[in-house]
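Engineer:
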Amino acid sequence: MIAVGLLAYLTTALVVALVVWRNLPSSYQLGGAKGFALLLSLNLFLPVLGMLFTGIILLFSLYFPEDQKAANTRQFEVPDLPHTPQEEVAPLYSHGGLRAVLKHADSSDKRQAAVLSTRQMKDKDAIPILRLVLNDLEDDVRLLAYSLLDQKESRINANIYYLNLLLGQKTGVDRKARILRKLAECYWELGYLGITEGELKRFVLAESVRYGEEAISIADNLATRLLLGRAYLALDDPGAAREHLLFAFDSNSAKQQVLPYLAEAAFKQKRYNEVKQYLKDIPQVQQNLALRAVKEYWS
-17 MIAVGLLAYL TTALVVALVV WRNLPSSYQL GGAKGFALLL SLNLFLPVLG
33 MLFTGIILLF SLYFPEDQKA ANTRQFEVPD LPHTPQEEVA PLYSHGGLRA
83 VLKHADSSDK RQAAVLSTRQ MKDKDAIPIL RLVLNDLEDD VRLLAYSLLD
133 QKESRINANI YYLNLLLGQK TGVDRKARIL RKLAECYWEL GYLGITEGEL
183 KRFVLAESVR YGEEAISIAD NLATRLLLGR AYLALDDPGA AREHLLFAFD
233 SNSAKQQVLP YLAEAAFKQK RYNEVKQYLK DIPQVQQNLA LRAVKEYWS
């Protein structure tokens, strides 16, 4: 009699656990056999109460949850947002202020903040300042500047590596010309931005020229002609620079952009009358402070 009752009890516990488990949402059926064993244990070791808990309260709470009303909330209408940003984030310091802080600030924290603010500047402006910081007496400041410089150089070198991989693949003529132009631009960037110096700078500029010349031999391009003109000027070869710059100058679309470099090439070749003419033709809106000062000198 006792055995029959015990068997009936075990069967009831097993059935209740199985029914509850099968009706649980899939997201609650965690642990597989272990979860089912937990339900069965509740039914076995908590007679009646365990079955009631798993069979009524648990299922009721899952399928008929209490309506949670937010007592202390207020509704607001979504405001209309502008289509474009209204304010531009300004750098922490100006260029002159950065140099002053890096040279004269006694606090290394201030100098570190000044170094970090170069991340908001263009590479052409930031790199000379970071090179200045490499002489700082504080290790933390100096290492921070070196890290930022290394990131910029690593990004360009990674692009060069990837482009060389593409160049080694079989590609069409037009795609090969584009890859060569990109390589010329990357090497020019290494030299132009001041990341490299001395003989290494001459090497990267020479590589820029090599890839650029190969690119225009396949498919001529005005931007590559202008790049070659600037690279030859940096290599102190005004004759070759003038050849490419005049080609870009004759296109009309790049005429205004080429004028300052033609003036520089003419100066290096001692064509002083041409220098005056080229500077005279540069529009006022294109002149920065340095160019305006040069133009006033030659006027």
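Sequential numbering from -17 applies to the sequence shown in the numbering used here.
Glycine included, every Cβ here is placed at the ideal spot set by N, Cα and C.
All figures in this text were calculated on a predicted structure; none of them were measured in a lab.
1) Give, in chain order, every unbroken run of the alpha helix (DSSP H) that is at least 4 residues long and sits entirely within the segment 145 to 232.
2) May I ask you to verify whether the segment 147 to 162 touches the segment 115 to 130, counting CB pairs closer than 8 Å and requiring at least 3?
3) For the alpha helix (DSSP H) that contains K106, what are its first and last residues?
4) Measure the alpha-carbon distance for L112 versus S99 and round it to whole angstroms.
5) Once the 5 residues before and after E196 are set aside, which same chain residues still bring their CB inside 7 Å of it?
6) Starting from R253 and walking both ways along the alpha helix (DSSP H), at which residues does that stretch end?
7) From what residue to what residue does the alpha helix (DSSP H) around I91 run?
8) Please determine, among K158, E135 and S136, the residue with the shortest C-alpha to C-alpha distance to N146.
9) State the DSSP-derived secondary structure class of L125, mapped to helix, strand or coil.
10) With a cut-off of 7 Å, does the C-beta of E246 fall near any C-beta of chain D?
11) Taking the beta carbon of Y279 as the centre, do at least 16 other beta carbons fall within 10 Å, making it buried, or is it exposed?
12) Apart from the five residues just before and just after K237, which ones in its own chain have a Cβ nearer than 7 Å to its Cβ?
13) Roughly how many angstroms separate the alpha carbons of L80 and D263, rounded to a whole number?
14) Helix, strand or coil, according to DSSP, for I264 in the structure here?
15) If we call anything under 7 Å between Cβ atoms a contact, is L215 one with A205?
Structural biologist: The answer reads as follows:
1) Those alpha helix (DSSP H) runs which fall completely within the segment 145 to 232 and span 4+ residues are 155 to 174, 180 to 200, 204 to 216 and 220 to 231.
2) The segment 147 to 162 makes no contact with the segment 115 to 130; the number of CB pairs closer than 8 Å stays below 3.
3) It spans D105 to V115 - the alpha helix (DSSP H) in which K106 sits, taken as one unbroken run.
4) Spanning the two alpha carbons is a distance of roughly 11 Å.
5) These residues qualify, in order along the chain: L162.
6) From DSSP, R253 is part of no alpha helix (DSSP H); its letter is neither H nor E.
7) For the sequence presented, residue 91 should be read as Asp rather than Ile. Taken as a continuous stretch (DSSP letters only), the alpha helix (DSSP H) holding D91 covers S90 to S99.
8) With respect to the C-alpha of N146, the residue from K158, E135 and S136 having the closest C-alpha is K158.
9) In the structure shown, L125 sits in a helix (DSSP, three-state: H, G or I).
10) Here chain D cannot be found, since the structure has a single protein chain.
11) Exposed, by the Cβ-count rule.
12) Cβ neighbours of K237 beyond the five flanking positions: F231.
13) Cα to Cα, the separation comes out at about 35 Å.
14) In the structure shown, I264 adopts coil according to DSSP, grouped into three states.
15) No, the Cβ-Cβ distance between L215 and A205 is not below 7 Å.
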